[in-house]
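Sequential numbering from 14 applies to the sequence shown in the numbering used here. We treat Cβ as the ideally placed atom computed from N, Cα and C, and that holds for glycine. Some notes on the structure that comes next.
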Amino acid sequence: MVKLIGKNKLDIAVFISGKGSNLKNLIVFSKKKNSPIKIKLVISSNKNAKGLIYAKKNKIKSMIFNFNKKLFTEKKLLKTLKRKNIKLICLAGFMKILTNKFINNFNGKIINIHPSLLPKYKGLNTSYRVIKNNEKYTGCTVHHVNKKLDSGKIIIQKKIKINKNDTVSTLTKKVLKLEHLIYPKALKKIVANL
Ligand code: GRF
Numbered sequence: 014m015v016k017l018i019g020k021n022k023l024d025i026a027v028f029i030s031g032k033g034s035n036l037k038n039l040i041v042f043s044k045k046k047n048s049p050i051k052i053k054l055v056i057s058s059n060k061n062a063k064g065l066i067y068a069k070k071n072k073i074k075s076m077i078f079n080f081n082k083k084l085f086t087e088k089k090l091l092k093t094l095k096r097k098n099i100k101l102i103c104l105a106g107f108m109k110i111l112t113n114k115f116i117n118n119f120n121g122k123i124i125n126i127h128p129s130l131l132p133k134y135k136g137l138n139t140s141y142r143v144i145k146n147n148e149k150y151t152g153c154t155v156h157h158v159n160k161k162l163d164s165g166k167i168i169i170q171k172k173i174k175i176n177k178n179d180t181v182s183t184l185t186k187k188v189l190k191l192e193h194l195i196y197p198k199a200l201k202k203i204v205a206n207l
């Protein structure tokens with residue numbers, strides 16, 4: 014097992030599409046002494062993503078890619094990631110689906126955070142669906158990315174109870190807070206074994 018501290022931190026890229034609270038949280042984590050990661054690059058599928066502000070504030074290079082031309086874009090992106098020696102991709106609110114080819118070409122070293130207790134509630138609008146189905150619990154999951162949406166091997170999961178008075182909005186906020194807890198934990202768990 015390799016200890017990744019100080020100068021030996023693993024160079025990672027974070028992919029975002031929107032508000033970037035997970036990115037912000039990972040930036041804070043990456044600066045801690047015992048963090049095994051260094052965020053070298055932020056990739057956004059959206060030029061207006063609020064998360065880009067956090068990259069700028071923290072002097073992290075960010076790039077915007079147009080995923081509407083997916084195959085062309087992924088090819089360009091792979092070259093960039095290899096050139097920058099990126100060893101792991103963390104998807105954090107990234108709203109595009111990567112092709113199988115891209116995942117394989119990156120040796121499957123891609124992880125994602127999802128706001129549900131996978132394998133339940135893959136896809137979008139998870140808080141709405143758990144409330145509608147009268148679930149007692151929900152939570153979030155960090156998992157490896159494979160060719161099937163939200164279906165890769167689970168790295169870590171955290172569960173919370175849904176209160177009777179929870180709304181989609183309150184629940185989404187609670188789950189997001191949990192996400193910020195587990196993403197760093199998941200990284201600590203997997204990075205040394207990559
Ligand atoms: C999070 O709930 C994440 O799990 C989901 O999208 C949301 C993104 O939030 N995939 P943020 O952009 O990190 O604030």
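Neighbour-count burial assignment, residue i, 16 or more Cβ in a 10 Å radius
{"i": "residue 110", "result": "exposed"}
{"i": "residue 84", "result": "exposed"}
{"i": "residue 112", "result": "exposed"}
{"i": "residue 129", "result": "buried"}
For residue i, the three-state DSSP class (helix, strand or coil)
{"i": "residue 137", "result": "coil"}
{"i": "residue 174", "result": "strand"}
{"i": "residue 195", "result": "helix"}
{"i": "residue 110", "result": "coil"}
{"i": "residue 8", "result": "The requested residue 8 is not part of the displayed model; the chain covers only 14 to 207."}
{"i": "residue 164", "result": "coil"}
{"i": "residue 186", "result": "helix"}
{"i": "residue 206", "result": "coil"}
{"i": "residue 61", "result": "coil"}
Limits of the beta strand (DSSP E) - the one that residue i falls within
{"i": "residue 28", "result": "23 to 29"}
{"i": "residue 101", "result": "101 to 104"}
Per DSSP, cross-strand counterpart(s) of residue i
{"i": "residue 75", "result": "55"}
{"i": "residue 40", "result": "In DSSP, residue 40 forms no bridge with anything."}
{"i": "residue 155", "result": "126 and 169"}
{"i": "residue 150", "result": "174"}
{"i": "residue 50", "result": "23"}
Residue i versus residue j - alpha carbon distance
{"i": "residue 91", "j": "residue 60", "result": "19 Å"}
{"i": "residue 12", "j": "residue 122", "result": "For residue 12 there is no data in the structure shown, the boundaries of the chain being 14 and 207."}
{"i": "residue 178", "j": "residue 141", "result": "13 Å"}
{"i": "residue 69", "j": "residue 63", "result": "11 Å"}
{"i": "residue 57", "j": "residue 148", "result": "33 Å"}
{"i": "residue 165", "j": "residue 158", "result": "5 Å"}
{"i": "residue 52", "j": "residue 133", "result": "30 Å"}
{"i": "residue 97", "j": "residue 144", "result": "43 Å"}
{"i": "residue 167", "j": "residue 38", "result": "20 Å"}
Host alpha helix (DSSP H) of residue i (start-end)
{"i": "residue 131", "result": "Neither: residue 131 is in no alpha helix (DSSP H) and is coded neither H nor E."}
{"i": "residue 69", "result": "64 to 70"}
{"i": "residue 85", "result": "83 to 96"}
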